[in-house]
Amino acid sequence: MRILVINCGSSSIKYQVVDSEGGEVLLGGVTERVDTLAGGHAEALAGILKEASKHEPQAVGHRVVHGGLAFSAAALIDATVEEAIRNCIPLAPLHNPANLAGIQAAREALPGLPQVAVFDTAFHARMPNRARSYAIPRELASEHGIVRYGFHGSSHACVAERAATYLGRPLSELRIVSCHLGNGASVCAIEYGTSVETSMGMTPLEGLVMGTRCGDLDPGAVLKLCGTLGVEETDSLLNRKSGLAGVSGLGNDMRDLEAKAAEGHDGARLAIKVFAHRVRKYIGAYAAVMGGVDAVILTGGIGQNSASMRQRILQRLEFLGVKIEIFANNDARPSEATQVVDISAPNASARALVVATNEELTIARETSCLATPDEPIADLAIPIAISGRHLHLDRETMDLLFGKGAELEVYREISQPGQFAAKQKVNLVGPRNRIDGVRVLGPLRPKNQIEVSRTDEYKLGVDAPIRGSGKVEGSAPIVLEGPMGTVELSEGLVCARRHIHMTPEDAEQFGVKAGDEVEVAVNGGPRDLTFGDVLVRVKSSYLLEMHIDTDEANAAELSKGAEGDLIYSPAGSGVRGCLQKHAGS
Ligand code: ADP
Numbered sequence: 007m008r009i010l011v012i013n014c015g016s017s018s019i020k021y022q023v024v025d026s027e028g029g030e031v032l033l034g035g036v037t038e039r040v041d042t043l044a045g046g047h048a049e050a051l052a053g054i055l056k057e058a059s060k061h062e063p064q065a066v067g068h069r070v071v072h073g074g075l076a077f078s079a080a081a082l083i084d085a086t087v088e089e090a091i092r093n094c095i096p097l098a099p100l101h102n103p104a105n106l107a108g109i110q111a112a113r114e115a116l117p118g119l120p121q122v123a124v125f126d127t128a129f130h131a132r133m134p135n136r137a138r139s140y141a142i143p144r145e146l147a148s149e150h151g152i153v154r155y156g157f158h159g160s161s162h163a164c165v166a167e168r169a170a171t172y173l174g175r176p177l178s179e180l181r182i183v184s185c186h187l188g189n190g191a192s193v194c195a196i197e198y199g200t201s202v203e204t205s206m207g208m209t210p211l212e213g214l215v216m217g218t219r220c221g222d223l224d225p226g227a228v229l230k231l232c233g234t235l236g237v238e239e240t241d242s243l244l245n246r247k248s249g250l251a252g253v254s255g256l257g258n259d260m261r262d263l264e265a266k267a268a269e270g271h272d273g274a275r276l277a278i279k280v281f282a283h284r285v286r287k288y289i290g291a292y293a294a295v296m297g298g299v300d301a302v303i304l305t306g307g308i309g310q311n312s313a314s315m316r317q318r319i320l321q322r323l324e325f326l327g328v329k330i331e332i333f334a335n336n337d338a339r340p341s342e343a344t345q346v347v348d349i350s351a352p353n354a355s356a357r358a359l360v361v362a363t364n365e366e367l368t369i370a371r372e373t374s375c376l377a378t379p380d381e382p383i384a385d386l387a388i389p390i391a392i393s394g395r396h397l398h399l400d401r402e403t404m405d406l407l408f409g410k411g412a413e414l415e416v417y418r419e420i421s422q423p424g425q426f427a428a429k430q431k432v433n434l435v436g437p438r439n440r441i442d443g444v445r446v447l448g449p450l451r452p453k454n455q456i457e458v459s460r461t462d463e464y465k466l467g468v469d470a471p472i473r474g475s476g477k478v479e480g481s482a483p484i485v486l487e488g489p490m491g492t493v494e495l496s497e498g499l500v501c502a503r504r505h506i507h508m509t510p511e512d513a514e515q516f517g518v519k520a521g522d523e524v525e526v527a528v529n530g531g532p533r534d535l536t537f538g539d540v541l542v543r544v545k546s547s548y549l550l551e552m553h554i555d556t557d558e559a560n561a562a563e564l565s566k567g568a569e570g571d572l573i574y575s576p577a578g579s580g581v582r583g584c585l586q587k588h589a590g591s
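With my numbering, the residue at position 192 of the sequence shown is 198, and numbering never jumps.
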């Protein structure tokens with residue numbers, strides 16, 4: 007599909023007509039200093055749209071900086087969506103009005119074309135509250151929208167997808183730290199396909215050192231500066247005169263700073279060191295957040311081009327499994343054709359990848375996804391099974407809890423073929439409380455996996471991550487008590503990710519594949535509910551069934567025999583925002 011992508015900033019407008027399938031760019035350009043034109047954005051856009059219409063675009067995709075908490079995905083623009091973007095103006099006073107001007111101009115010049123808003127913030131909309139919340143009084147935070155929204159979503163989504171394709175593994179199996187290092191810069195922890203932490207916060211000022219933005223700064227220093235300089239001057243100082251430019255006393259261009267540093271310029275040297283140090287610090291922190299890391303991605307103008315900066319950032323990260331191969335790093339030049347260059351040493355357990363980002367193509371793909379009418383989804387009811395808390399044990403833990411060589415005894419068969427509830431039960435001991443008599447499911451597995459609900463988690467006093475089956479690395483510790491012994495597990499406690507088991511034939515009927523995330527609606531009961539983020543698992547031995555835990559079932563007031571309908575499945579692009587097509591506002 008031919009998509010006109012418009013990135014309407016406060017002082018410049020970037021545009022492209024791009025083929026969303028092949029990525030071929032038919033037209034592209036930038037109009038600078040829009041704010042100095044007599045006719046402002048409208049005048050500049052009129053010229054761009056005239057030129058673009060010669061390429062007969064079929065839809066228009068707009069980059070919109072701030073979607074607040076209203077948007078967890080891209081959205082087809084209508085009056086309600088436009089109003090919601092307007093409501094986010096206080097959060098992005100320079101950007102959102104410019105984005106709206108672009109939307110209005112495109113609607114007038116190209117009436118009848120679908121227009122789609124793709125938000126910088128949407129990729130981060132599923133961040134857990136512990137990462138989203140600042141430690142200030144909650145009422146104030148909610149009144150003023152002071153939470154972490156995160157930005158650069160299209161770039162982080164694009165490079166994560168490209169890295170997963172390169173590695174030949176689904177995103178849902180990878181823990182990635184993505185570092186977008188351009189004029190603006192941010193780091194994002196992408197745990198099994200979801201952004202769980204990112205360094206930009208309520209505004210794009212927080213986090214890394216940027217071209218002219220300060221990034222992290224003690225709020226006490228901000229108060230002090232406000233007291234001395236006033237709010238407006240402080241704003242300008244921290245947004246436009248700080249970062250690389252401020253520390254170096256030169257400018258914001260990394261190429262110049264590297265050249266000056268080589269000549270011995272103190273300011274340039276310090277700016278480079280502070281920049282690299284901050285990125286390293288975030289990589290370590292985000293590896294901790296995810297309990298490990300499978301790949302570190304470097305992208306953006308600096309990430310893609312500066313081998314010396316990459317080396318500064320990635321040195322001495324062997325403890326995380328990250329080790330680069332110096333010559334591969336020196337030669338790495340990813341392009342739209344190569345997209346990914348692996349600079350890891352052969353024995354590194356985590357990959358270091360230099361990835362070419364393409365935000366415009368990501369926006370075009372999401373736009374095409376929303377502008378294309380949905381394929382009808384098979385009208386097949388999905389039986390819903392409600393899982394109580396339970397656990398799977400490995401051989402060693404079984405021996406310790408029940409005695410050497412003990413075998414699980416079948417209490418009753420359960421729905422998935424070959425699986426059974428065992429007669430054996432185990433006690434869970436948390437730091438706060440204990441839960442006795444938790445059923446073991448058989449057969450034994452290669453790894454221990456203890457599945458509890460959020461309610462159980464609070465009772466136990468632990469923090470269990472949401473995980474798909476088998477993904478227990480870096481999950482929560484727990485103590486298990488059996489009749490013959492007690493075992494302290496350093497990991498294994500999870501809150502199960504809701505999922506559907508299906509056969510390849512079912513998958514074909516629904517038009518989905520393993521690893522997709524779908525939405526399932528439960529209607530007709532006292533508490534209708536649509537479950538998002540439902541993972542599709544496919545195996546010929548499976549029986550069609552969605553698995554949820556007791557908290558989830560209670561939320562929809564479901565009982566035995568309940569059924570749900572698959573109401574949305576991805577159109578195959580794999581870009582997360584696109585998967586949440588109907589999750590909109
Ligand atoms: P934006 O955030 O404006 O999209 P970019 O991703 O284009 O920014 O990145 C711009 C930054 O990349 C600038 O600091 C620029 O100096 C830096 N950069 C580009 N090429 C090189 C290079 N060869 N070596 C070092 N830095 C580079």
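From the three backbone atoms N, C-alpha and C, an ideal C-beta is built for every residue, glycine too. Quantities reported herein were computed from a predicted structural model and do not represent experimental measurements.
I'd like to know whether the C-beta atoms of residue i and residue j end up nearer to each other than 8 Å.
{"i": "D539", "j": "N454", "result": "no"}
{"i": "S26", "j": "A370", "result": "yes"}
{"i": "P340", "j": "A354", "result": "no"}
{"i": "L564", "j": "V526", "result": "no"}
{"i": "L244", "j": "R261", "result": "no"}
{"i": "I388", "j": "I506", "result": "yes"}
{"i": "Y292", "j": "V183", "result": "yes"}
{"i": "L97", "j": "A58", "result": "no"}
{"i": "V193", "j": "A137", "result": "no"}
{"i": "M216", "j": "R154", "result": "no"}
{"i": "L168", "j": "V346", "result": "It should be pointed out that residue 168 corresponds to Arg in this sequence rather than to Leu. In contact: R168 and V346 (Cβ atoms closer than 8 Å)."}
{"i": "L229", "j": "G221", "result": "no"}
Alpha carbon to alpha carbon, how far is residue j from residue i? Give it in angstroms, no decimals.
{"i": "D259", "j": "G270", "result": "17 Å"}
{"i": "V4", "j": "F426", "result": "There is no way to answer for residue 4, as the model of the chain reaches only from 7 to 591."}
{"i": "P423", "j": "N13", "result": "52 Å"}
{"i": "I54", "j": "P134", "result": "40 Å"}
{"i": "A559", "j": "L173", "result": "36 Å"}
{"i": "A589", "j": "L263", "result": "At A589 the pLDDT is 30, less than 50, meaning the model places this residue with poor confidence; the figure from the coordinates comes in the next sentence. Rounded to the nearest angstrom, the two C-alpha atoms are 44 Å apart."}
{"i": "S421", "j": "Q310", "result": "50 Å"}
{"i": "Y574", "j": "H158", "result": "26 Å"}
{"i": "D442", "j": "V24", "result": "59 Å"}
{"i": "K519", "j": "G28", "result": "22 Å"}
{"i": "G278", "j": "L256", "result": "The question names Gly, but residue 278 is Ile in the sequence shown. Looking at the two C-alpha atoms, the distance is approximately 12 Å."}
{"i": "A561", "j": "E514", "result": "30 Å"}
{"i": "G409", "j": "Q430", "result": "12 Å"}
{"i": "L177", "j": "A170", "result": "6 Å"}
{"i": "A274", "j": "M552", "result": "57 Å"}
{"i": "L499", "j": "L447", "result": "15 Å"}
{"i": "I484", "j": "V493", "result": "8 Å"}
Tell me residue i's beta-bridge partners as DSSP assigns them.
{"i": "L499", "result": "I456 and A482"}
{"i": "E197", "result": "R181 and T200"}
{"i": "D337", "result": "BP columns for D337 are empty, so no partner."}
{"i": "Y21", "result": "I12 and G35"}
{"i": "Q430", "result": "In DSSP, Q430 forms no bridge with anything."}
{"i": "D348", "result": "L359"}
{"i": "P389", "result": "E569"}
{"i": "A81", "result": "A123"}
{"i": "H68", "result": "I12 and A123"}
{"i": "L304", "result": "C185 and V360"}
{"i": "H398", "result": "Q455"}
{"i": "Y574", "result": "E525"}
{"i": "S192", "result": "H186"}
{"i": "L447", "result": "A427"}
Would you mind working out which of the options sits nearest residue i, comparing C-alpha positions?
{"i": "Y21", "options": "E27, A520, A50 and R286", "result": "A50"}
{"i": "L4", "options": "R395, N189 and M508", "result": "This structure cannot speak to residue 4, because the chain is shown only from 7 to 591."}
{"i": "E487", "options": "R451, G436, N529 and T509", "result": "G436"}
{"i": "L550", "options": "K566, E511, F537 and G531", "result": "E511"}
{"i": "L119", "options": "G480, P452 and M7", "result": "M7"}
{"i": "G74", "options": "I303, F281 and E149", "result": "E149"}
{"i": "L323", "options": "E342, A358 and M296", "result": "A358"}
{"i": "E30", "options": "V416, I554 and L367", "result": "L367"}
{"i": "T373", "options": "G45, A80, V40 and P532", "result": "A80"}
Quick check on residue i - is its C-beta less than 8 Å from some C-beta in chain D?
{"i": "T461", "result": "The chain inventory of the structure shown lacks chain D, comprising one protein chain alone."}
Sequence ranges, beta strand (DSSP E) only - wholly within the segment 486-571, length at least 3: Those beta strand (DSSP E) runs which fall completely within the segment 486-571 and span 3+ residues are 492-502, 505-508, 523-528, 535-544 and 551-555.
Any beta strand (DSSP E) of 3 or more consecutive residues that is wholly inside the segment 228-302: The segment 228-302 contains no complete beta strand (DSSP E) run of 3 or more residues.
Ranges of the alpha helix (DSSP H) found wholly within the segment 93-175, counting only runs of at least 4: DSSP runs (the alpha helix (DSSP H)) wholly in the segment 93-175: 101-115, 135-138, 144-150 and 159-173.
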